[in-house]
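Let me begin by presenting the structure, written as structure tokens, before commenting on it.
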Amino acid sequence: MGKSSERREHRGAVQATVAAEPAISGLIPLYRPYLGGREKEYVNQCIDSTWISSRGTFVERFERAFAQQIDAPYATTVCNGTVALHLALEALGLEPGDEVIVPTLTYVASANAVVHAGAKPVFVDSLESTWQMDPADVRRKIGPRTKAIMVVHLYGHPCPMDELLGLCAEFGLRMIEDCAEAFGTLYKGTHVGNFGDFATFSFFGNKTITTGEGGMVVSRNRELIDAAYHLKTQAVSPDREYWHDVVGYNYRMTNICAAIGLAQLENASAVLKKKRQIAAWYREGLHGLPLRMLDEEPETTNSFWMCSLVVDDACHRQPLRDWLMAANIETRPLFYPCHTLPHFKTDETLPVAESLSIRGINVPSFPALTQENVISVCGAVKSYFKSLPQ
Ligand SMILES: Cc1ncc(COP(=O)(O)O)c(C=O)c1O
Numbered sequence: 026m027g028k029s030s031e032r033r034e035h036r037g038a039v040q041a042t043v044a045a046e047p048a049i050s051g052l053i054p055l056y057r058p059y060l061g062g063r064e065k066e067y068v069n070q071c072i073d074s075t076w077i078s079s080r081g082t083f084v085e086r087f088e089r090a091f092a093q094q095i096d097a098p099y100a101t102t103v104c105n106g107t108v109a110l111h112l113a114l115e116a117l118g119l120e121p122g123d124e125v126i127v128p129t130l131t132y133v134a135s136a137n138a139v140v141h142a143g144a145k146p147v148f149v150d151s152l153e154s155t156w157q158m159d160p161a162d163v164r165r166k167i168g169p170r171t172k173a174i175m176v177v178h179l180y181g182h183p184c185p186m187d188e189l190l191g192l193c194a195e196f197g198l199r200m201i202e203d204c205a206e207a208f209g210t211l212y213k214g215t216h217v218g219n220f221g222d223f224a225t226f227s228f229f230g231n232k233t234i235t236t237g238e239g240g241m242v243v244s245r246n247r248e249l250i251d252a253a254y255h256l257k258t259q260a261v262s263p264d265r266e267y268w269h270d271v272v273g274y275n276y277r278m279t280n281i282c283a284a285i286g287l288a289q290l291e292n293a294s295a296v297l298k299k300k301r302q303i304a305a306w307y308r309e310g311l312h313g314l315p316l317r318m319l320d321e322e323p324e325t326t327n328s329f330w331m332c333s334l335v336v337d338d339a340c341h342r343q344p345l346r347d348w349l350m351a352a353n354i355e356t357r358p359l360f361y362p363c364h365t366l367p368h369f370k371t372d373e374t375l376p377v378a379e380s381l382s383i384r385g386i387n388v389p390s391f392p393a394l395t396q397e398n399v400i401s402v403c404g405a406v407k408s409y410f411k412s413l414p415q
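One rule links them: number in the numbering used here = place in the sequence shown (from 1) + 25.
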């Protein structure tokens, strides 16, 4: 049950619009999952049927529907996006001393997973234009121990895949795509996750589709997805009970989570459409201010997981966040670059990522945001800059 699934025709009933929800005590939160579909109904089916663990029909249904949605051949569910990365790296057979190139500007899980797999993350700088990993710095960091590049499509924007795939081909490297933040993101018309040896997704509560906690491992390669499936299920033999041939894991997703995921997928197109609308409202509302929004490069589709901006001058980042909080608007800073965190600390400077990190803010981006909400956020940002002495 729940084995890697092949693509099949399946489309759930797509809801046309995302309904607005009442604000929580006046606060405009950074994120709130949209649960306006059949989530409750499907979860109740799990409870009524008693199939609440990782056996149950929703697991396989969710895997099939997900693979179909992103046009990938094989997908297998896991219990979060971090273990998805760990599983993918282990299934690639990394060995101690192997190096994996990782963007420094990412959520810490990307780099931690490399350590979990026994390898060493080597950090690279970002592009100022798109905030994604810089292929020129990747080239500089490739060495004799480099085994793979972990591409992270950050905040919903795709990485420059032509250049990165070119480097993998030139140096014989594996590629893992961390698509945790990139459900709905396209590069030259292809959904991200279809370029590397493996791709991983996260379904944490603030992701474009959620299962509460959850993740997916995707591959175009049958042998690789089978290896990942084997490891995620305690490396149990498919035809000999309680026979395990290597150290495996229990990284399985529950039927309840998969039930939520399937319901989420049925509304995914409407949610993605609404996120583009929200980004357009922000683009219009923030125009002309001393800041820049992470937008969309030609030939890419940004899924706008989190609408994000960098202020021109870093000295305004925290005061602006405080100003917004005082106006009941929740925001989030960009990630600290991993190479500055205590457990990864190096002496090197990765100037673009460091500068983006100290200037960056994620603004409210949840699917049920209304135009009035976005106008309020943009109005508060404007009033902050107006309040400054001229
Ligand atoms: C880029 C990135 N990678 C990995 C993860 C890990 O996913 P999870 O929180 O589901 O373990 C996240 C989660 O937020 C993420 O943003």
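Every residue gets a Cβ at the ideal spot worked out from N, C-alpha and C, and that includes glycine.
- Message: Taking the beta carbon of Ala1 as the centre, do at least 16 other beta carbons fall within 10 Å, making it buried, or is it exposed?
- Response: Within the shown structure, residues of the chain are numbered from 26 to 415, placing residue 1 beyond reach of any answer.
- Consider the C-beta atom of Leu110 and the heavy atoms of ligand 1; say whether any pair is separated by less than 8 Å. Yes, ligand 1 has a heavy atom inside 8 Å of this Cβ.
- Message: Let me make sure I understand the geometry here. Which of Pro58, Leu110 and Glu88 has the alpha-carbon closest to that of Cys204?
- Response: Leu110
- Task: Pick helix, strand or coil for Ala100, following the three-state DSSP scheme.
- Result: Correct three-state label for Ala100: strand.
- Taking Cβ positions, are Thr107 and Ser227 nearer each other than 9 Å? yes
- Message: Per the DSSP calculation, Lys145 is bridged to which residue(s)?
- Response: Glu124
- Message: So, for Ser328: in the same chain, excluding its five sequence neighbours on each side, which residues have a beta-carbon less than 7 Å away from its beta-carbon?
- Response: Gly181, Ala207, Phe208, Gly209, Thr210, Thr233, Leu297 and Lys300
- Task: Kindly list the residues whose CB is nearer than 8 Å to the CB of Thr215, restricted to its own chain and excluding five residues on each side of it in sequence; keep chain order.
- Result: Asp96
- Kindly indicate the opening and closing residues of the alpha helix (DSSP H) around Glu195. Membership of Glu195 in the alpha helix (DSSP H) is indicated by the continuous run Met186 to Phe196.
- Message: Can you tell me where the alpha helix (DSSP H) holding Lys213 begins and where it ends?
- Response: Neither: Lys213 is in no alpha helix (DSSP H) and is coded neither H nor E.
- Can you tell me the Cα-Cα spacing of Trp156 and Ile174, whole angstroms? 17 Å
- Query: Nearest chain D C-beta to His111 closer than 9 Å, yes or no?
  - Reply: In the structure shown, chain D does not exist; there is a single protein chain.
- Message: Could you tell me which whole alpha helix (DSSP H) segments of length 4 or greater appear in the region 325-371?
- Response: 342-351
- Task: Go ahead and label Ala378 buried or exposed: buried means 16 or more other beta carbons lie within 10 angstroms of its beta carbon, across all protein chains shown.
- Result: buried
- Task: Write down every uninterrupted run of the alpha helix (DSSP H) in the region 200-261 whose length is 4 residues or greater and which is fully enclosed by it, in chain order.
- Result: 247-257
- Item | Beta carbon of Ala393 nearer than 9 Å to that of Tyr59 | yes
- Item | DSSP-derived helix/strand/coil call for Leu381 | helix
- Message: Taking the alpha-carbon of Asp338 as reference, which of Asn387, Val388 and Leu316 has the nearest alpha-carbon?
- Response: Leu316
- Message: Rounded to whole angstroms, what is the Cα-Cα separation between Val422 and Gly239?
- Response: Given a span of 26 to 415 for the chain in the structure shown, any question on residue 422 remains unanswerable.
- Task: Write down the C-beta distance between Arg199 and Asp222 rounded to the nearest angstrom, noting that I regard them as a contact closer than 8 Å.
- Result: 5 Å
- Query: Can at least three beta-carbon pairs, one atom from the region 142-155 and one from the region 267-277, be found at a separation below 8 Å?
  - Reply: no
- Three-state secondary structure assigned by DSSP to Ser79: Residue state for Ser79 is assigned as coil, using DSSP reduced to three classes.
- Query: Do the CB positions of Leu192 and Pro160 come within less than 9 Å of each other?
  - Reply: Yes; because the gap between Cβ atoms is below 9 Å, this pair is in contact.
- Can you give the Cα-Cα distance for Ile77 and Ala138, rounded to whole angstroms? Near 28 Å, if we compare the C-alpha coordinates of Ala138 and Ile77.
- Burial state of Lys65 (16 or more Cβ within 10 Å): exposed
- Is it buried or exposed for Arg36, if we count other Cβ within 10 angstroms and need 16 for buried? Below a pLDDT of 50, predicted positions are generally treated as unreliable, and Arg36, at 37, falls in that range; the measurement from the model is reported next regardless. Exposed, by the Cβ-count rule.
- Item | Euclidean distance between Cα positions of Lys407 and Arg245 | 47 Å
- Item | Closest residue to Ala295 among Ile167, Phe391 and Val335 (Cα-Cα distance) | Ala295 has its Cα closest to that of Phe391, out of Ile167, Phe391 and Val335.
- Query: Straight-line CA distance for Arg57 to Met186?
  - Reply: 31 Å
- Coarse secondary structure for Asn105, derived from DSSP in three states: coil
- Between the Cα of Thr42 and the Cα atoms of Glu88, Glu324, Ala293 and Pro358, which residue gives the shortest distance? Ala293
- Item | Spatial distance of Tyr276 from Arg89 (CA atoms) | 18 Å
- Task: Give the straight-line distance between the Cα atoms of Ser30 and Arg384, rounded to the nearest whole angstrom.
- Result: With a pLDDT of only 44 at Ser30, under 50, the local geometry of the prediction cannot be trusted, and the value read off the model is given with reservation. Going from the Cα of Ser30 to the Cα of Arg384 covers about 42 Å.
- Message: Measuring alpha carbon to alpha carbon, tell me which residue in Tyr409, Leu314 and Ile167 is nearest Ala351.
- Response: Taking each of Tyr409, Leu314 and Ile167 in turn and checking the Cα distance to Ala351, the smallest one comes out for Tyr409.
- Straight-line Cα distance separating Leu413 from Gly310: 19 Å
- Going by the beta-carbon positions, is the gap between Phe148 and Leu375 smaller than 9 Å? yes
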